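Counted from 1, the sequence shown has number 53 at position 44 by my numbering; the numbering is strictly sequential. We put the CB at the ideal spot given by N, CA and C, even for glycine. Here the structure is a predicted model, which means the values were calculated and not measured.
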Amino acid sequence: MAAMPVVVVVQVVLVAAAVALVARVLWSARSATDARRRLARARTASGEVVAVEAVAGQDVPTVRYHVAGERLEASPRTPRPGKRYLVGQPVDVRYDPQEPAWMTVESVQGDARVPRPRGAAASTVAAGVLVVAAVLLQLVV
10 MAAMPVVVVV QVVLVAAAVA LVARVLWSAR SATDARRRLA RARTASGEVV
60 AVEAVAGQDV PTVRYHVAGE RLEASPRTPR PGKRYLVGQP VDVRYDPQEP
110 AWMTVESVQG DARVPRPRGA AASTVAAGVL VVAAVLLQLV V
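Here it is in structure tokens:
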């Protein structure tokens, strides 16, 4: 079996990288859609911050709250960027009644927002550039 020419290997790598970038964008978009659906049907409960952990330079609280007589503890799925939390701090929780362990924290009612996918536009453009580069390699060689 003859070895694949270097150009073909480079083209395969370029296209695979483009597919990986597009898959990441699609996964982020799906996650954002899921979060929007959950927030649309969300209910409110009172909670209390029981722990705070720094994750990627952001304070992420663990919150204890009660739903239908059940005590739950969870970290918000859509944390507010830049918000500071203190242990013992009361917070309003928006939870999904279909899955009460899914929740987010609101500072002011209605401020729970779905995070925008980071770098979605840049990833899409980069994927396009990679595919164009693979096609140009085919035309040049």
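Under 8 Å, do residue i and residue j count as touching if we go by C-beta distance?
i: Gly56; j: Val72; result: yes
i: Thr53; j: Asp101; result: yes
i: Ala83; j: Ala44; result: no
i: Val16; j: Leu148; result: no
i: Val59; j: Val96; result: yes
i: Pro85; j: Val114; result: yes
i: Ala136; j: Gln20; result: no
Using 8 Å for Cβ pairs, my map puts residue i next to residue j. What's the rounded Cβ distance?
i: Ala65; j: Arg103; result: Contact doesn't hold; Cβ gap of about 22 Å is too wide.
i: Ala27; j: Leu139; result: 4 Å
Between the Cα of residue i and the Cα atoms of the options, which residue gives the shortest distance?
i: Pro99; options: Glu79, His75 and Trp111; result: His75
i: Val24; options: Pro85, Val141, Ala63 and Arg46; result: Val141
i: Thr87; options: Gly137, Leu148 and Arg47; result: Arg47
i: Ala131; options: Val18, Val22 and Arg33; result: Arg33
i: Met112; options: Arg93, Val69 and Val144; result: Val69
Would you kindly report the start and end of the unbroken alpha helix (DSSP H) that includes residue i?
i: Val58; result: Taken as a continuous stretch (DSSP letters only), Val58 belongs to no alpha helix (DSSP H), being part of the beta strand (DSSP E) at Arg52 to Val64.
i: Arg39; result: Val15 to Ala49
i: Gln147; result: Ala129 to Val149
Tell me the residue span of the beta strand (DSSP E) that contains residue i.
i: Pro151; result: Given a span of 10 to 150 for the chain in the structure shown, any question on residue 151 remains unanswerable.
i: Arg73; result: Gln67 to Val76
i: Val102; result: Pro99 to Asp105
i: Val114; result: Glu108 to Glu115
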